[in-house]
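The numbering used here puts the sequence shown at residues 46 to 329.
Ideal Cβ positions, reconstructed from N, Cα and C, are used throughout, including at glycine.
Data block below; observations after.
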Amino acid sequence: NNEERYLGTETKYKDNTGIKRIGKFSLVGFLAEKGKQGFSDSEIKVLSAISSNEGLFDALNTYDGAFLSFGIQQWNLGGGSNPGELPALLMVLKDKFPNTFNKFFGKYGMDINIPKNGQTGFLLLDGRILKDPIKKKEIQENIWLLRFMKAGQDYNVAYIQMEYSINRLKMFYTIPNKNLDSYALSDLLTSEYSVAQLLDTHVNRPAFVYGLVKKTLIELNLRPVDLINKEIKEFDFMEKFLKLRKDYTEKQGQNPMTHSTDRGNSIKSKGLLTDKETYKSSML
């Protein structure tokens, strides 16, 4: 069946050419078949809002310099010889659903090299670590792309993507930060809308989140405690945050967040989120 083996469209980006696949297996499809599976209403709404910015569960991308990006948050292998987040995602799959991991990856010689509790790592293929660019390119072969595509259409793999996406908030949202007077973002910005925009920022530019919130406070002449005391509507605060995000960098030579305005507007246009509803999580 040619449709079942169709990987995506050839896409050029800067000096790279590769495959782009938006995907077919959506969160709506998952929920219709499996229900919420313990995820809260807030988590479902946030995932629904941000998923359009990256792709569906079986989304693929081999053209942007990270060798392979996969799924609803486009976890990748890492640029150059750097580690990537995709191996960490697959490690969670292997731990929770070992038979599923073996079905799509393990029985073909794939394994994972990652520090204990690490958030990035490398793939192994037949015992070889895929660290340098030449070796990482092996995963761009059509047979591996087909395996990843098929994996992305599996309910267990989709569940892990959802769980891993929400757990990403633990990396930054609930951790006290000295730049915010030792408050956590979860103390300051509590609405579903704010969480979605913060999470989407962290997916694309994780190092920018705290600095952007701090800069937004400064520009609005606010202290962190003023957010707790609701001296400004969260929606208005996030509007300023998004305007600053468009051109924000932390170091000379860095690139601002990719498609910042479009991504922010996409989340806004979904109509699922307001600053009235408090984000409630089953995992934090």
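Quick check on residue i: buried or exposed, where buried means 16 or more other Cβ atoms within 10 Å of its Cβ?
{"i": "residue 65", "result": "buried"}
{"i": "residue 77", "result": "exposed"}
{"i": "residue 240", "result": "buried"}
{"i": "residue 207", "result": "buried"}
{"i": "residue 245", "result": "buried"}
{"i": "residue 250", "result": "buried"}
{"i": "residue 221", "result": "exposed"}
{"i": "residue 162", "result": "exposed"}
{"i": "residue 118", "result": "buried"}
{"i": "residue 309", "result": "buried"}
{"i": "residue 197", "result": "buried"}
{"i": "residue 328", "result": "exposed"}
{"i": "residue 264", "result": "exposed"}
{"i": "residue 103", "result": "buried"}
{"i": "residue 242", "result": "buried"}
Tell me residue i's beta-bridge partners as DSSP assigns them.
{"i": "residue 189", "result": "Beta-bridge pairing links residue 189 to no other residue."}
{"i": "residue 166", "result": "129"}
{"i": "residue 236", "result": "323"}
{"i": "residue 266", "result": "Paired residue(s): none; residue 266 is not in a bridge."}
{"i": "residue 57", "result": "62"}
{"i": "residue 205", "result": "According to DSSP, which records beta bridges pairwise, residue 205 is partnered with nothing at all."}
{"i": "residue 115", "result": "105 and 120"}
{"i": "residue 228", "result": "222"}
{"i": "residue 173", "result": "170"}
Output the boundary residues of the beta strand (DSSP E) element that contains residue i.
{"i": "residue 156", "result": "155–158"}
For residue i, which three-state DSSP category applies?
{"i": "residue 179", "result": "helix"}
{"i": "residue 303", "result": "coil"}
{"i": "residue 250", "result": "coil"}
{"i": "residue 146", "result": "helix"}
{"i": "residue 212", "result": "helix"}
If I measure Cβ to Cβ from residue i and keep anything under 7 Å in the same chain, skipping five residues before and after, which residues do I get?
{"i": "residue 278", "result": "320"}
{"i": "residue 50", "result": "191"}
Could you spell out where the alpha helix (DSSP H) holding residue i opens and where it closes?
{"i": "residue 290", "result": "279–290"}
{"i": "residue 75", "result": "72–79"}
{"i": "residue 69", "result": "Taken as a continuous stretch (DSSP letters only), residue 69 belongs to no alpha helix (DSSP H), as it is neither H nor E."}
{"i": "residue 95", "result": "86–96"}
Which same chain residues, not among the five before or five after residue i, have their C-beta less than 6 Å away from its C-beta?
{"i": "residue 272", "result": "233"}
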